[in-house]
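Novice: Okay, handing you the structure first.
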Amino acid sequence: MELLTEMEKAKELVNAASTFDNVKLAKLIHTRDIIVDERVRYQCAYSGCREYGRKLMCPPYTLSVDEFKKVLSRYYMALLVQLEGEITNKANWEPESDRWALKLHDVVYQLENKAFGLGFPFAAALIGGSCKLCKECPGINSPNPICVHREKARPSMEAMGVDVLKTCSNMGINMEFSPDKVTWTGFVLLS
Ligand code: SF4
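For the sequence shown, the numbering used here begins at 6 and goes up steadily by one.
Written as C-alpha cells, this is what we have:
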C-alpha cells in the first residue's frame, strides 16, 4: 500500500475506534514513540504480579523484550486506544476493573480484524494488563502449554516491556488515577 493510502486507511481505523462505547481516545502514533524498557518486564517478574507464569500471554511464555523490540522495529505506525470505565464498588473494584480490561481486549481485537480488512496484513493487537479471557489459564501446567483461545488472546503490552505511562506522557496524554474510574490502554500495530 502507498503511504498516503495507508494513512487514509489508518484514519478510517481511528474513526472506527471512536465508535466503541467507553473509548475515550484513539490516536495514531509513530512506533518510535513507544517506549520499551527492560525494567517493565523485570517488574512483571519481581514486583509480585499475580499473573506472572500463570497466563500464557504473560512472561515467561511471551517473546523476550529484545525479540519484541525487533518485531516493533518492523512497524512504523500504531493505533493507541484508551478505554475508560466507571468503578462503582470501590470496596471490591477488581472485578469491575477486569471487566473493563476485557472490554478493551475486545475493542483492540475487533480493530485488529478491521485493520486486516483495510489492508494491514501484519496488524497486531496488544492488550493492557494480563489476559482475562479465562479466569485460570487451562493447561498451563501441561508439558506443552497451549492457549485455548489463540484466535482471540493477545499479549500484554507490559509483558513486552512497553512502558505505557511514559509512552502516554511523551504523547501528551495525561493519565489520571481516580478511585471512581479505570483507564485501560492498548495498541494495534499497523503494517
Ligand atoms: S485465553 Fe485463556 S488460555 Fe489463553 S492466555 Fe488467556 S487465560 Fe490463558
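Every residue gets a Cβ at the ideal spot worked out from N, C-alpha and C, and that includes glycine.
#1: Less than 7 Å between C-beta atoms, sequence neighbours within five positions excluded: which residues of the same chain meet that for Ala-83?
#2: Leaving out the 5 sequence neighbours to the left and right, which residues in its chain are closer than 8 Å to Leu-68 when beta-carbon positions are compared?
#3: Hey, is His-110 close to the ligand SF4, as in C-beta under 7 Å from one of its heavy atoms?
#4: Measuring only the C-alpha atoms, how far is Ala-120 from Phe-127?
#5: Between Ala-158 and the ligand SF4, is there a pair consisting of the residue's CB and a ligand heavy atom that are separated by less than 7 Å?
#6: Per DSSP, what kind of secondary structure is Trp-105 in: helix, strand or coil?
#7: As an exercise, report each continuous beta strand (DSSP E) stretch of at least 3 residues that is fully enclosed by the stretch 70-103, in chain order.
#8: Which residue marks the beginning of the alpha helix (DSSP H) containing Ala-21, and which one marks its end?
#9: Leaving aside the five residues before and after Cys-152 along the sequence, list all residues of the same chain whose C-beta is less than 6 Å from its C-beta, in chain order.
#10: Under three-state DSSP, which class holds Ala-158?
#11: What separation, rounded to the nearest whole angstrom, lies between the Cα atoms of Lys-74 and Val-86?
#12: If you reduce the DSSP assignment to three classes, tell me which class Gly-122 lands in.
#13: Could you give the residue range of the beta strand (DSSP E) that holds Leu-33?
#14: I'd like to confirm something about Lys-29: is its beta-carbon nearer than 7 Å to some heavy atom of the ligand SF4, or not?
#15: Using only CA atoms, which one of Ala-129, Leu-170, Glu-163 and Asp-168 lies nearest to Val-113?
#16: Give the C-beta separation of Gly-124 and Met-6 to the nearest angstrom, bearing in mind that I take them to be a contact with Cβ-Cβ under 8 Å.
Specialist: Let me spell this out:
#1: Ile-34, Thr-36, Ile-39, Phe-192, Val-193, Leu-194 and Leu-195
#2: Val-76, Pro-160 and Met-165
#3: no
#4: 9 Å
#5: Result yes, Cβ under 7 Å from the ligand SF4.
#6: helix
#7: 82-91
#8: 8-23
#9: Leu-61 and Ala-158
#10: coil
#11: 20 Å
#12: helix
#13: 28-35
#14: no
#15: Nearest of Ala-129, Leu-170, Glu-163 and Asp-168 to Val-113, Cα basis: Ala-129.
#16: 5 Å
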